[in-house]
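Heads up: the sequence lines are chains U and S, in that order. Add 95 to the 1-based position in the first sequence for our numbering, that's all there is to it. Add 62 to the 1-based position in the second sequence for our numbering, that's all there is to it. C-beta atoms are modelled at their ideal positions from N, C-alpha and C, and glycine is treated no differently.
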Amino acid sequence: MTFTAPVLSYQLLSPILIVLGGALIGVLVEAFVSRKLRPIAQLSLTIGTLLLALFQVFTIRNSQSTTAAMGSVVIDGPAVLMQASILVISILAAFLIADTENFVPVAAAVPGSEDERRAIQSGQTLTEVFPLTLFAVSGMMIFPIATDLITLFVALEMLSLPLYLMAGLSRRRRLLSQESALKYFLLGAFSSAFFLFGAAYLYGYSGSVSFEGIRIAIAGGSGNDIILLIGIAFLSVGLLFKVGAVPFHAWSPDVYQGAPTPVTAFMAAATKVAAFGAMLRIFYTAFANAQWQWRPLLIVISIITMLFGSLVAIAQRDVKRMLAYSSIAHAGFLLAGVIALNKAGLEGSIFYLFAYGVATVGAFGVVTLVRDSTGEVTDLNRWAGLGKRSPWVATIFAGFLLAFAGIPLTSGFIGKFAIFSAAYEGGSKSIVIAGVLSSAIAAFFYIRVIVLMFFTDPQEDGTSVVIPSILTRATVVICFVVTIALGVFPSPLLDSIKTLAIFIR
Amino acid sequence: MNYLTTLMLLPILGAVLIALLPKSQGLFAKYAALVTTILVAVLTVVMAREFIRDSTDLQFVESYDWIKSFGIKFAVGIDGIALVLILMSVILTPIVILAGWNESEGGRWSVKTFYILILILEAMVIGVFAASDVFLFYVFFEAMLIPVYFLIGGYGSGARTAAAVKFLIYSLFGGLLMLASIIGLYVISGQQGDHTFDLQTLSTLQISSTTQNLLFLGFFIAFAIKAPLFPFHTWLPDAAAAGTPGTSVLLLGILDKVGTFGMIRYCLTLFPDATKTFTPVIIVFSVISILYGAFLAIGARDIKRLIAYTSISHFGFITLGIFAMTTQGHSGATLYMFNHGFSTAALFLVAGWMISRRGSSTISDFGGLQRITPVMAWSFFLAGMSSLALPGLSSFVSEFLVLVGTYTRYPAAAIIATFGIVLAALYILIPVQKALHGPTSPGNENLSDLNLREKIAIAPVMAAIVFLGFYPAPLLNVINPIAQHTIAQLGFTDPVPTNGGK
């Protein structure tokens with residue numbers, strides 16, 4: 096018996112390996128670098144790692160070979176685009192995370208205990224969050240390029256586990272934060288179980304865990320359809336949970352609210368790219384031939400998701416919860432791109448994911464700035480009159496809201512147009528109608544926040560905008576500029592997406 | 063020379079200049095805005111002199127790639143209708159700035175912000191009338207809501223926030239319906255060739271009648287909300303009453319014309335068959351608008367609301383003229399849009415001066431202004447006469463054309479609409495009598511008459527009203543060829559008036 100060494104194609108894997116390596120070095124930094132130097136060391140390590148990985152993604156974008164690691168991942172155009180989006184969003188989010196003001200000094204200290212008080216007094220800062228971020232990023236980078244169910248599941252857990260931890264690290268309202276982390280973990284574990292259950296059925300149906308094997312089995316059509324349906328349904332539950340689609344959305348408002356705001360920004364933006372990336376790949380390649388089975392169901396879920404998210408957001412009084420429900424509505428819009436099942440749908444989804452991710456990081460970046468003496472103020476009523484006291488911050492936030500609402504000359508509008516026209520072309524006009532209606536509903540609560548900021552007189556109690564650190568300021572400004580630029584001159588990005596966005600099976 | 067892009071860039075440049083000024087330079091911002099808008103107006107007149115009257119093609123065409131992967135172009139070009147409406151807009155804007163010289167001062171924000179918003183709005187208005195790419199039109203159509211929203215909510219009075227939000231939500235809702243239709247057109251254009259938004263190409267598409275009807279409704283409802291037509295009109299009185307008089311002139315005089323302009327340029331050209339299907343229904347709603355608006359105006363106690371209601375009635379006339387499908391109706395409707403801009407501007411500006419002097423907008427608070435402030439009273443009187451379409455004033459010509467044009471095809475509608483004229487006499491003469499004539503009621507004794515600035519602002523408006531009443535030919539010569547062309551394109555011929563007995 097001979098043994099063949101597996102061919103890994105290290106070059107194609109290099110972006111992921113760089114991020115993983117950076118994360119491991121980060122752990123060593125925690126152990127060996129003095130406490131004083133740690134924040135700056137960790138931050139530069141994280142940013143450096145992410146930039147290097149981004150550069151590496153750029154160099155492999157046109158490489159000839161496409162499969163790596165014995166065919167369990169594929170580096171095609173969409174893969175490169177999604178990895179690049181995830182990295183860019185992560186860099187922006189890392190700038191926000193660098194503001195350690197938001198994190199508990201010692202995660203292990205019991206809330207309200209003497210330990211906690213002492214840790215705060217000694218001026219300790221929490222730096223574990225950086226390696227955790229890098230671990231999550233590496234999982235996110237594998238998730239949309241996986242081509243078999245095992246790799247997909249490993250990536251899912253890799254990106255989720257650090258996030259569960261990070262959600263519980265908030266400095267203020269720690270109990271709420273820990274509760275949200277626990278909730279996220281339990282429900283995440285549930286959905287992982289569903290995912291595995293579905294994967295097992297798919298293996299039972301096709302005798303293969305690879306997307307290609309499943310695709311061929313479906314095309315052959317000799318298997319038991321019931322088993323296939325169960326497999327697709329349960330696998331979808333796992334994926335729909337991650338993107339926060341109704342009825343698997345219940346975790347997201349609590350986690351968005353409880354997690355430290357920089358983590359919320361990272362999670363909301365980057366996880367969505369990764370999860371939708373994986374979803375697009377699996378539905379466009381493995382399940383494409385079974386579209387008559389899954390499309391009707393996804394259409395219903397998409398419509399319910401956008402309407403539910405938009406309607407419930409109206410009733411929110413907390414800015415983070417409002418953004419959470421808005422993200423649910425956006426998940427509904429993005430599902431329209433999955434349902435479109437054509438090249439335009441893939442292109443539109445990639446553009447939308449990037450534009451939405453950037454605007455989300457920016458919006459949460461603004462949320463970290465609005466504070467009073469006890470910390471961040473997320474109660475919307477206390478945002479009243481922000482436009483008077485800090486016109487620039489309010490204007491930028493209004494810009495993000497208008498992008499979420501899809502007003503022309505913002506990135507959100509181009510994204511919405513791209514996705515809805517693809518869905519229309521794919522034959523699902525009902526989604527376009529529902530999307531347009533829920534956009535109208537959603538516009539209402541975005542506008543209400545603008546009214547609060549600009550047209551309502553400020554209250555007496557001193558909510559104020561802190562002078563942002565340079566990094567936070569950079570993030571917010573970059574996100575704002577990108578959001579407007581993609582609305583006015585989207586051509587360069589759209590063109591490069593057009594040339595790259597073809598799935599290789 | 064690239065007239066149209068230059069016209070759009072000028073106000074933007076002015077806005078940037080004002081934005082760079084320090085906050086304390088409010089006065090300089092006012093002059094900068096005034097000079098910019100006058101420059102725009104002059105340049106437009108220069109452009110209008112080069113316009114070839116008898117051509118029905120788009121002129122001053124410019125086209126640049128914008129978003130290539132969707133086939134979207136930054137394409138502009140104007141026909142006679144667009145030219146007339148751009149002229150109206152750019153002439154009214156400096157008048158509004160001059161007339162409302164001080165209305166930017168009571169706002170939530172600085173004076174300069176007010177003028178930045180006005181200038182951005184002017185650029186977008188020129189863009190929305192000039193666009194020949196449907197996507198570009200939509201972008202301007204939606205984006206121009208934002209400056210108006212801030213103008214009403216930031217500088218208005220009374221329930222300004224609620225009115226601004228109501229305005230925005232109504233308009234956004236209509237806009238989103240239109241977006242669905244635009245997406246439909248885009249997909250169909252892709253099925254029958256390359257993806258495009260070019261108006262000319264889109265009008266040659268073969269669309270099944272069910273789809274055409276749905277797409278037509280998406281566009282039409284958006285325009286009917288904007289115009290506004292009964293039953294989509296309820297946002298208008300609130301917005302007009304809450305805005306500053308200048309904002310209300312921009313809103314009713316210029317922005318609402320985008321609705322009726324859109325009906326001609328988009329509904330009729332893109333969906334000729336659906337237009338024919340829906341014409342009877344639209345005629346009915348137009349007639350209802352004419353009468354309902356008039357009745358509401360008669361019952362109005364607030365002078366700004368009254369003017370808003372009269373506009374609903376007038377927009378009914380315009381829509382009636384458009385959908386009567388005769389050359390006279392079409393020419394009349396376009397001329398009506400122009401004249402309505404000026405007579406509404408006159409009414410609103412004079413009413414605004416009356417309100418700011420008296421400190422109240424309730425009609426019954428005024429009385430006997432004729433004796434105290436003769437110039438202001440006569441201005442209001444003349445503006446009112448123009449609004450009720452007195453022969454010899456500009457509105458008469460257009461209203462007459464609309465009714466003649468409608469009568470030849472829809473006699474019943476024309477006859478019922480004529481009652482609108484009778485009602486117009488009521489809704490204008492009642493406030494004229496209450497506010498201007500009779501004994502001077504308490505509180506009005508010390509009002510001051512118009513000052514020089516106000517006289518300069520109102521003079522060109524009055525001159526236009528009187529001049530075009532006697533001699534509308536310069537405008538009609540530009541409008542008629544395109545009106546005939548549109549009717550012929552739709553496959554209609556003007557009915558020949560028959561001699562009743564023989």
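Thinking C-beta only, is Gly501(U) closer than 8 Å to Ser525(U)?
Position 430 of the first sequence, counting from 1, holds the residue named residue 525(U). Position 406 of the first sequence, counting from 1, holds the residue named residue 501(U). Cβ atoms of Ser525(U) and Gly501(U): not closer than 8 Å.
Quick check: what's the CA-CA separation for Ser129(U) versus Asp127(S)?
Counted from its first residue, the first sequence places residue 129(U) at position 34. Counted from its first residue, the second sequence places residue 127(S) at position 65. Those two C-alpha atoms are separated by around 56 Å.
In the segment 106–188 of chain U, which residue ranges form an unbroken alpha helix (DSSP H) of at least 4 residues, counting only runs that do not cross its ends?
For the segment 106–188 of chain U, the full-length alpha helix (DSSP H) segments reaching 4 residues or more read 133–154 along the chain.
Touch test, the segment 152–167 of chain U against the segment 210–225 of chain U, Cβ-Cβ under 8 Å, three pairs minimum
Segments in contact, no.
Consult DSSP for Tyr472(S) and reduce its assignment to one of helix, strand or coil.
Counting from one through the second sequence, the residue named residue 472(S) turns up at place 410. Correct three-state label for Tyr472(S): coil.
Taking 8 Å as the CB-CB limit, is Lys174(S) close to chain U?
By one-based count along the second sequence, residue 174(S) stands at place 112. With 8 Å as the cut-off, Lys174(S) does not count as an interface residue toward chain U.
For Lys130(S), which three-state DSSP category applies?
Looking up residue 130(S) in the second sequence gives position 68. If DSSP states are grouped into helix, strand and coil, Lys130(S) belongs with the helices.
Pick from Ile384(S), Leu261(S), Gly531(S) and Asn506(S) that is closest to Ser449(S), judged by C-alpha positions:
For the purposes of this step, residue 449(S) is taken as residue 387 along the second sequence, with counting starting at 1. That would be Gly531(S), whose Cα lies nearest to the Cα of Ser449(S).
Classify Gln262(S) as buried or exposed, calling it buried when 16 or more other Cβ atoms lie within 10 Å of its own Cβ.
Here residue 262(S) refers to the residue found at position 200 of the second sequence. When all chains shown are included, Gln262(S) counts as exposed.
In whole angstroms, give me the CA-to-CA distance for Ile237(U) and Pro134(U).
As a position in the first sequence, residue 237(U) is number 142, starting the count at 1. As a position in the first sequence, residue 134(U) is number 39, starting the count at 1. Answer to the nearest angstrom: the Cα atoms are 27 Å apart.
Taking 8 Å as the threshold (beta carbon to beta carbon), is Ser516(U) in contact with chain S?
The residue given as residue 516(U) occupies position 421 in the first sequence. At least one CB of chain S lies nearer than 8 Å to the CB of Ser516(U).
Let me know the secondary structure DSSP gives Asp474(U) once reduced to three states.
Numbered from its first residue, the first sequence carries residue 474(U) at position 379. Judged by DSSP in its simplified three-state form, Asp474(U) adopts strand.
Check whether Ile423(U) and Val527(U) have beta carbons under 8 Å apart
As a position in the first sequence, residue 423(U) is number 328, starting the count at 1. As a position in the first sequence, residue 527(U) is number 432, starting the count at 1. The answer is no: Cβ separation not under 8 Å.
Cβ-based neighbour list, Leu267(S), same chain, cut-off 7 Å, excluding 5 preceding and 5 following:
Residue mapping note: residue 267(S) aligns to position 205 of the second sequence, counting from 1. Answer for Leu267(S): Ile250, Ser251 and Gln254, listed in chain order.
Distance check for Val412(S) and Gln551(S), CA to CA, integer angstroms please.
The residue given as residue 551(S) occupies position 489 in the second sequence. The residue given as residue 412(S) occupies position 350 in the second sequence. If I take the Cα positions, the gap works out to 42 Å.
Would you say Val531(U) reaches chain S, if we count a Cβ-Cβ gap shorter than 8 Å as a contact?
To locate residue 531(U), count along the first sequence from 1; it is residue 436. Interface criterion met: the Cβ of Val531(U) is under 8 Å from a Cβ in chain S.
Just to confirm before moving on: does the CB-CB distance between Lys438(U) and Pro553(U) stay below 8 Å?
Translated into the one-based positions of the first sequence, residue 438(U) becomes position 343. Translated into the one-based positions of the first sequence, residue 553(U) becomes position 458. No, these two residues do not count as a Cβ contact at 8 Å.
Classify Lys581(S) as helix, strand or coil using the three-state DSSP reduction.
One cannot answer for residue 581(S) here, as it falls past the ends of chain S, which runs 63 to 564.
Considering just the uninterrupted stretch of the alpha helix (DSSP H) at Arg212(U), what are its terminal residues?
Here residue 212(U) refers to the residue found at position 117 when the first sequence is read from its first residue. Counting along the chain, Arg212(U) sits inside the alpha helix (DSSP H) bounded by residues Glu209 to Gln216.
Which residues in the same chain as Cys574(U) place their Cβ atom closer than 7 Å to its Cβ, once the five residues preceding and following it in sequence are excluded?
Start at 1 with the first residue of the first sequence, and residue 574(U) comes out as number 479. Around Cys574(U): Leu187, Val453, Ala454, Val456, Gly457 and Gly460.
Leu323(U) beta carbon less than 8 Å from that of Ile311(U):
For the purposes of this step, residue 311(U) is identified with residue 216 of the first sequence, where counting begins at 1. For the purposes of this step, residue 323(U) is identified with residue 228 of the first sequence, where counting begins at 1. Remark: C-beta atoms of Ile311(U) and Leu323(U) do not approach each other more closely than 8 Å.
In terms of residues, what are the limits of the alpha helix (DSSP H) holding Arg484(U)?
As a first step, residue 484(U) must be located in the first sequence, where it is residue number 389. Where Arg484(U) is concerned, the enclosing alpha helix (DSSP H) starts and stops at Leu481 to Arg484.
Hey, how far is the Cα of Gly570(S) from the Cα of Phe598(U)?
A query on residue 570(S) cannot be resolved here, the shown segment of chain S reaching from 63 to 564 and no further.
Near-chain S residues of the segment 579–594 of chain U (beta-carbon distance less than 7 Å), N- to C-terminal order:
Residues of the segment 579–594 of chain U whose Cβ lies closer than 7 Å to any Cβ of chain S, in chain order: Pro585, Ser586, Leu589, Asp590 and Lys593.
Supposed close pair Val196(S), Phe259(S) - CB separation, criterion 8 Å
Numbered from its first residue, the second sequence carries residue 196(S) at position 134. Numbered from its first residue, the second sequence carries residue 259(S) at position 197. Taking C-beta atoms under 8 Å as the contact rule, Val196(S) and Phe259(S) qualify, at a distance of about 4 Å.
Can you tell me whether Thr266(S) sits near the ligand FAD, meaning its C-beta is under 7 Å from at least one heavy atom of the ligand?
Here there are no bound small molecules, and the ligand FAD is not part of this structure.
Using the Cα positions of Gly563(S) and Asp119(S), report the straight-line distance between them to the nearest angstrom.
For the purposes of this step, residue 563(S) is identified with residue 501 of the second sequence, where counting begins at 1. For the purposes of this step, residue 119(S) is identified with residue 57 of the second sequence, where counting begins at 1. Unreliable positioning characterises Gly563(S) in this predicted model, as indicated by a pLDDT of 48, which lies under 50. The coordinate reading is nonetheless provided below. Cα to Cα, Gly563(S) sits roughly 42 Å from Asp119(S).
Ignoring anything shorter than 4 residues or poking outside the segment 216–296 of chain S, list the alpha helix (DSSP H) runs there in chain order.
The segment 216–296 of chain S contains these whole alpha helix (DSSP H) runs: 222–253, 261–264 and 271–288.
Could you round the C-beta distance between Leu198(S) and Phe323(S) to whole angstroms and report it? I think they count as a contact, below 8 Å.
The residue labelled residue 198(S) in the question sits at position 136 within the second sequence. The residue labelled residue 323(S) in the question sits at position 261 within the second sequence. Taking C-beta atoms under 8 Å as the contact rule, Leu198(S) and Phe323(S) fail to qualify, at a distance of about 15 Å.
Identity of the residue in Val114(U), Thr469(U) and Phe153(U) nearest Ser591(U) by Cα:
Sequence index remark: in the first sequence, residue 591(U) carries index 496 (1-based). Checked all of Val114(U), Thr469(U) and Phe153(U); the closest Cα to Ser591(U) is Phe153(U).
If contacts are defined as beta-carbon pairs under 8 Å, then Leu221(U) and Thr195(U) qualify, I think. What distance do you get, rounded to the angstrom?
In the first sequence, residue 221(U) corresponds to position 126, counting from 1. In the first sequence, residue 195(U) corresponds to position 100, counting from 1. A Cβ-Cβ distance of about 6 Å is found for the pair Leu221(U) and Thr195(U), placing them in contact under the 8 Å criterion.
Going by other Cβ atoms of all chains shown within 10 Å of its Cβ, with 16 needed for buried, is Met417(U) buried or exposed?
Taking the first sequence and counting its residues from 1, the one referred to as residue 417(U) is at position 322. Burial state of Met417(U) is buried, judged by a 10 Å Cβ sphere holding 16 or more other Cβ atoms.
Check each candidate in Ala189(U), Glu471(U) and Phe98(U) and name the one with the smallest Cα separation from Phe230(U).
Position 135 of the first sequence, counted from the first residue, corresponds to residue 230(U). Nearest C-alpha to Phe230(U): Ala189(U).
Tell me whether the segment 375–388 of chain S and the segment 332–345 of chain S touch, counting them as touching only if at least three CB pairs, one residue from each stretch, are closer than 8 Å.
Below 8 Å, enough C-beta pairs join the segment 375–388 of chain S and the segment 332–345 of chain S to call them touching: three or more.
Alpha helix (DSSP H) segments (min. 4 residues) lying fully within the segment 411–478 of chain U:
Within the segment 411–478 of chain U, complete alpha helix (DSSP H) segments of at least 4 residues are found at 414–435 and 438–464, given in chain order.
Report the rounded CA-to-CA distance for Asn197(U) versus Ser275(U), giving the unit in angstroms.
Here residue 197(U) is taken as the residue at index 102 of the first sequence, counted from 1. Here residue 275(U) is taken as the residue at index 180 of the first sequence, counted from 1. Rounded to whole angstroms, Asn197(U) to Ser275(U) spans 16 Å at the Cα level.
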